[in-house]
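Have a look at the structure below, then the notes.
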Amino acid sequence: MTMDSPHRLTLTPIAQTRTQSRWRFEAMRAHSAPRLIFIARGQGRITVAGLTAGYGANNLIYVPAGVMHGLEVGPTVFGQMLTIPAAMASDWPDTPVHLRLRDVPVQKQLAGHLDALERELSSDLPGHDRAALYQLGLLSIFFDRQMQARPAEAVDPRADTAAARLVAAYTDLIERDFRSAQGVASYAAQLGVTPTHLTRCCKATCGKSALRLLNDRVLHEARVMLRDSKTPVNRIAAGLGFGSAAYFTRAFQSRTGLTPSAFRSREGGAPGFEARSLTNP
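Our numbering numbers the first residue of the sequence shown as 480 and each following residue consecutively.
Encoded structure:
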């Protein structure tokens with residue numbers, strides 16, 4: 480079962496290390512199960528549904544399944560990423576949420592929830608799997624209470640702008656169709672805007688062009704397929720809409736500095752995340 484299994488409850492550390500490439504967090508991608516990101520220390524930027532915002536210590540960021548996102552992880556950043564089983568997604572919001580926990584008692588309460596969850600994931604005591612899921616349920620209640628308690632001004636007003644709504648719709652289309660080899664013009668036509676306007680909005684909300692967002696998503700998928708499978712490069716290229724393996728290799732190398740084969744050799748031998756997990760039946 481892969482790390483992106485929609486049935487697995489996983490708690491993964493977030494940190495920049497010599498053995499874990501930054502693309503694992505920073506590249507634009509979406510997952511088949513929701514993610515809850517906790518930043519314990521450090522600061523940086525996160526892009527969710529095409530909207531970039533700063534984050535700092537004691538931030539909680541919820542990303543629903545299927546929503547494209549990328550997290551900058553600098554050398555001072557440390558946190559945890561919780562993968563929520565799809566079967567329990569109904570306990571969580573339908574849209575992305577960014578909470579900044581400023582009160583010390585609330586921060587301590589969150590730490591208690593995460594510690595209890597990690598203990599159960601690490602335990603071999605009878606019933607530890609059910610206990611971990613119950614702890615996740617308590618964490619969802621904590622999260623909902625913090626959402627209800629946050630002041631209105633804490634909600635990013637940019638999220639309700641026409642530009643943000645357009646870019647969010649664009650990222651939804653990318654996630655659905657990035658393997659189809661469609662270009663920006665095709666996506667823009669589906670959204671009823673010009674490619675120029677779409678790019679202008681993308682740059683306003685996240686500082687990237689519409690083409691960069693699309694290419695980032697395709698590149699992330701290529702990296703994952705090279706790392707996690709033995710699929711031949713030519714089949715990966717075809718599956719991602721490239722006309723030839725040679726064109727895919729040139730495009731991949733121009734962005735990463737490595738050929739697909741060299742990347743596979745490097746990443747395939749690197750240690751994986753030391754994640755605590757269990758499978759939800």
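Idealized CB from N, CA, C, for every residue including glycine. This structure is a prediction, so every number in the text was calculated from the model and none was measured.
Query, Result
"Member of G523, T562, G529 and A633 whose CA lies at the smallest distance from the CA of H762", "Look at the range of the chain in this structure, 480 to 760, and you will see that residue 762 is not part of it."
"Nearest-angstrom Cα separation, counted from A689 out to V663", "7 angstroms"
"Bridge-paired residues (DSSP) for V672", "None, per the DSSP bridge assignment."
"N- and C-terminal bounds of the beta strand (DSSP E) containing A643", "First-last for A643: A641 to D656, but that is the alpha helix (DSSP H), not the beta strand (DSSP E)."
"Touch test, the segment 712 to 722 against the segment 694 to 701, Cβ-Cβ under 8 angstroms, three pairs minimum", "yes"
"Contact under 8 angstroms by Cβ, Q495 with R503", "no"
"8 angstroms contact criterion, which L488 and P564 should meet: CB distance rounded", "5 angstroms"
"For T526: DSSP bridge partner residues", "T531 and G549"
"Start-to-end residues for the alpha helix (DSSP H) that takes in V634", "That residue, V634, is in no alpha helix (DSSP H); it is neither H nor E in DSSP."
"Spatial neighbours of S744 in its chain, beta-carbon cut-off 7 angstroms, leaving aside the 5 residues before and after", "none"
"L690 - containing alpha helix (DSSP H), residue span", "A689 to D707"
"Contact set for T684: own chain, Cβ-Cβ below 6 angstroms, skip 5 residues either direction", "G529, L530, A642, A643 and V646"
"Length of the line joining the Cα atoms of N598 and Q522", "The question names Asn, yet the displayed sequence has Arg at residue 598. Going from the Cα of R598 to the Cα of Q522 covers about 27 angstroms."
"Entirely enclosed beta strand (DSSP E) segments - the segment 575 to 645, minimum 3 residues", "576 to 579"
"Ranges of the alpha helix (DSSP H) found wholly within the segment 708 to 750, counting only runs of at least 4", "712 to 718, 724 to 735 and 739 to 747"
"Expected contact under 8 angstroms - CB spacing of L490 and L600 to nearest Å", "6 angstroms"
"V634 versus P575: straight-line alpha-carbon distance, rounded", "11 angstroms"
"Endpoints, alpha helix (DSSP H) assigned at R434", "Because the chain here runs from 480 to 760, residue 434 falls outside it and cannot be looked at."
"Residue from R520, V712 and D623 with nearest C-alpha to A568", "D623"
"Per DSSP, the bridge partner or partners of N538", "I518 and R579"
"Distance, D651 Cα to I493 Cα", "25 angstroms"
"N- and C-terminal bounds of the beta strand (DSSP E) containing T562", "F557 to T562"
"Backbone CA spacing between K709 and N694 [nearest angstrom]", "22 angstroms"
"Beta bridge counterpart(s) of P492 as assigned by DSSP", "Q559"
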